[in-house]
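Notes follow the structure.
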Amino acid sequence: MGEATLWTLFITFLKIGAVMFGGGQAMIPILRYEVVVRNQWLSEEEFLDLVAIAESTPGPIAVNAATYIGYKTCGPIGSLIATIAVILPAFLTILAIAMALQRFYQNYIVRSVLNGIRAAVIGLFAAALLTVVRGIYKGLQPISAATTTVIAIAVFISITIFDVDPIILIIASAIAGLVLGLLGVWNL
């Protein structure tokens, strides 16, 4: 694993925060590249575990990931530095936008830039989905893969068709996972 300093941690998460368009899921490919490929602070398996944990705990995934990786690499001060770095670009950007929005929102150039960013966000979401799916299914036995697929489809349908509260679905999925684990369905 790669060595981290407070400076590299700050710069890395500042960079991640500066290009984090589209929310948490869209930043997964960027985060993966920086912490797994470039800096080697996490293995691929650790990264996938981090995504699962960061997605299922309160708070934005970027903040949760920065806090965890900062702590893992540089302790409590690293946690604080990485978290500040990842939120600083969004804070400054939203502050500037809030101050100028009324004046420039209908501007053709501003609208064109926003439309281009929206297109990039779709690609980032697709890449994030593929990264997570590949990681989750990697090495699963057929029964575990089938069970995972059934739970994923049930959650997808529950949200998109029946508008079920995602928090209830996370809790229900955790309980189902525990029960299936006790029954020996998961090949761990």
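One point on numbering: in numbering that gives the first Met the number 0, the residue at position 26 of the sequence shown is 25, and numbering is uninterrupted. All C-beta atoms, glycine included, are put in the ideal place defined by N, C-alpha and C. Because the structure is a prediction, the values reported are computed rather than measured.
Ignore the nearest five residues each way along the sequence and tell me which others in residue i's own chain have a CB closer than 7 Å to its CB.
i	result
T130	I27, P28 and R31
I96	none
Do residue i and residue j have their C-beta atoms within less than 9 Å of each other?
i	j	result
G9	A126	The sequence shown places Phe at residue 9, rather than the Gly named in the question. Going by C-beta atoms, F9 is not nearer than 9 Å to A126.
A65	S78	yes
I116	F20	yes
G134	E44	yes
F12	V85	yes
L49	I68	yes
F155	Q24	no
T146	W185	yes
Rounding to the nearest angstrom, what Cα-Cα distance links residue i and residue j in this structure?
i	j	result
F161	G176	22 Å
S42	V62	19 Å
V163	W6	43 Å
A51	P75	22 Å
L178	N106	In the sequence as displayed, the identity of residue 178 is Val instead of Leu. Taking the straight line from one Cα to the other gives about 55 Å.
T92	V35	27 Å
L94	E33	26 Å
I174	A99	47 Å
Please determine, among the options, the residue with the shortest C-alpha to C-alpha distance to residue i.
i	options	result
W40	A51, T72 and A53	T72
P143	L87, L182 and Y70	The residue asked about is misnamed: residue 143 is Ser in this sequence, not Pro. Minimum Cα distance to S143 is reached at L182.
R37	N114, G1 and I121	G1
Here's a check: name, in chain order, each residue in its chain whose Cβ is nearer than 8 Å to the Cβ of residue i, leaving out the five neighbours to either side.
i	result
I158	P165 and L168
A89	G16 and M19
T4	C73
Between which two residues does the alpha helix (DSSP H) containing residue i stretch?
i	result
I158	P141 to T159
T4	Counting along the chain, T4 falls outside any alpha helix (DSSP H), and DSSP gives it neither H nor E.
L41	Note, L41: premise wrong, no alpha helix (DSSP H); not H, not E.
Y107	Y107 to Y136
G180	P165 to L181
P28	I27 to R31
In its own chain, which residues sit with a C-beta less than 6 Å from the C-beta of residue i, not counting the 5 before and 5 after it?
i	result
V109	F103
I172	According to the sequence shown, residue 172 is Ser rather than Ile. The answer, listed in chain order, is I150.
L47	G134
G58	none
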